[in-house]
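In the order they appear, the protein sequences are chains A and B. In terms of this note's numbering, the first sequence is residues 1 to 114. In terms of this note's numbering, the second sequence is residues 115 to 228. Heads up, the beta-carbon is just placed ideally off N, CA and C, and yes, glycines get one too.
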Amino acid sequence: QQQVKQSPQSLIVQKGGISIINCAYENTAFDYFPWYQQFPGKGPALLIAIRPDVSEKKEGRFTISFNKSAKQFSLHIMDSQPGDSATYFCAASKSQTGANNLFFGTGTRLTVIP
Amino acid sequence: GAGVSQSPRYKVAKRGQDVALRCDPISGHVSLFWYQQALGQGPEFLTYFQNEAQLDKSGLPSDRFFAERPEGSVSTLKIQRTQQEDSAVYLCASSFGRRGQPQHFGDGTRLSIL
Numbered sequence: 001q002q003q004v005k006q007s008p009q010s011l012i013v014q015k016g017g018i019s020i021i022n023c024a025y026e027n028t029a030f031d032y033f034p035w036y037q038q039f040p041g042k043g044p045a046l047l048i049a050i051r052p053d054v055s056e057k058k059e060g061r062f063t064i065s066f067n068k069s070a071k072q073f074s075l076h077i078m079d080s081q082p083g084d085s086a087t088y089f090c091a092a093s094k095s096q097t098g099a100n101n102l103f104f105g106t107g108t109r110l111t112v113i114p
Numbered sequence: 115g116a117g118v119s120q121s122p123r124y125k126v127a128k129r130g131q132d133v134a135l136r137c138d139p140i141s142g143h144v145s146l147f148w149y150q151q152a153l154g155q156g157p158e159f160l161t162y163f164q165n166e167a168q169l170d171k172s173g174l175p176s177d178r179f180f181a182e183r184p185e186g187s188v189s190t191l192k193i194q195r196t197q198q199e200d201s202a203v204y205l206c207a208s209s210f211g212r213r214g215q216p217q218h219f220g221d222g223t224r225l226s227i228l
């Protein structure tokens, strides 16, 4: 059973546009929600993360929006660039426990067209 | 380098052979995780160590999978009597182990079972 559901599976955006990726979860014990970026042949790299006590977090061109009541969170990439073309994974963990293994979504393959 | 190092990067084995995959975590990281990433999917948790103690092995798919971290640093994931469904990328991640500390991933070992 997929604990974190992610959409869309793939996304094509023009350079300069906004890329939006959505995730949803069911387990209310989750309290840490990171986004990872993965290039082919590389491991996932942490982009940005959020806790449920805030509704939005912004770092540069990347913003996470979090809706605790809906159990949904999303990644917005502003002014998308061809170098952003990669696979993006949302994840969730129960960081309170210390054994904070991550539950990943299925990934979104983003292509930014020049 | 200062990142998580995994070796070998690629491993090809015949069905039925045993394989061993190595992970060198970031110095000082007490938590170490193994994940399995099937083609086109998100990483899935296999097992977790805090120092030398294996605290969670609930994600190991069968008793053919075994992991160890005898001195609390380098870890080895061993797969016995490999089968074709074991073909995947095996990712190692490490963290300081404190609440909310991010996991840093290696580039993985791509295992192909013929």
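Starting from residue i, find everything on chain A with Cβ-Cβ shorter than 8 Å and list it in chain order.
i	result
G220/B	G43
Could you name the residues of chain B that residue i contacts, counting a contact when the two beta carbons are closer than 9 Å?
i	result
G118/A	As shown, chain A starts at 1 and ends at 114. That puts residue 118/A outside it, with no answer to give.
F104/A	Y149, Q151, Q155, G156, P157, E158 and F159
N8/A	Going by the sequence as given, residue 8/A is Pro instead of Asn. Here the premise fails: no neighbours, minimum Cβ distance about 14 Å.
P34/A	P216 and Q217
Mapping the DSSP letters down to three states, classify residue i as helix, strand or coil.
i	result
Q198/B	helix
S95/A	helix
R178/B	coil
D170/B	strand
L135/B	strand
S61/B	This structure cannot settle anything about residue 61/B, because the visible part of chain B is limited to 115 through 228.
K128/B	coil
A152/B	coil
Q229/B	Given that chain B is displayed from residue 115 to residue 228, the structure contains no residue 229/B and the question cannot be resolved.
Q164/B	strand
Q6/A	strand
R108/B	Look at the range of chain B in this structure, 115 to 228, and you will see that residue 108/B is not part of it.
L102/A	coil
L191/B	strand
L228/B	coil
E158/B	strand
R109/A	strand
Starting from the beta carbon of residue i, find every residue of chain A whose beta carbon is closer than 7 Å, and list them in chain order.
i	result
L205/B	G43
Which whole-angstrom value is the C-beta distance of residue i and residue j, which I expect to be below 8 Å?
i	j	result
T111/A	I12/A	5 Å
T106/A	I21/A	So it is not a contact: roughly 11 Å between Cβ atoms.
T190/B	E199/B	Wrong, their Cβ atoms sit about 21 Å apart, outside the cutoff.
G130/B	T196/B	7 Å
G220/B	Q120/B	4 Å
S201/B	L225/B	6 Å
Q38/A	T87/A	5 Å
Taking 7 Å as the CB-CB cut-off, is residue i touching chain E?
i	result
I12/A	The structure shown contains no chain E; its protein chains are A and B.
Residues of the stretch 139–150 of chain B in Cβ contact with chain A at a cutoff of 7 Å, in chain order, please. Here the close residues are F147.
Identify every run of the beta strand (DSSP E) within the stretch 9–92 of chain A, keeping only runs that are complete inside it and at least 3 residues long; order them along the chain. As for any beta strand (DSSP E) of minimum length 3 sitting wholly inside the stretch 9–92 of chain A, the runs are 10–14, 19–25, 33–38, 45–50, 56–59, 62–67, 72–77 and 86–92, ordered along the chain.
Compile a chain-ordered list of the residues in the stretch 83–94 of chain A whose CB is closer than 7 Å to at least one CB of chain B. Of all residues in the stretch 83–94 of chain A, F89 have a Cβ within less than 7 Å of some Cβ in chain B.
Return the residues of the stretch 42–61 of chain A that lie within a Cβ-Cβ distance of less than 8 Å from chain B, sorted by chain order. Under the 8 Å Cβ criterion, the stretch 42–61 of chain A contributes K42, G43, P44, A45, L46, A49 and R51.
In the stretch 116–127 of chain B, which residues sit with their C-beta less than 7 Å from some C-beta in chain A, listed in chain order? None of the residues of the stretch 116–127 of chain B has a beta carbon lying less than 7 Å from any beta carbon of chain A.
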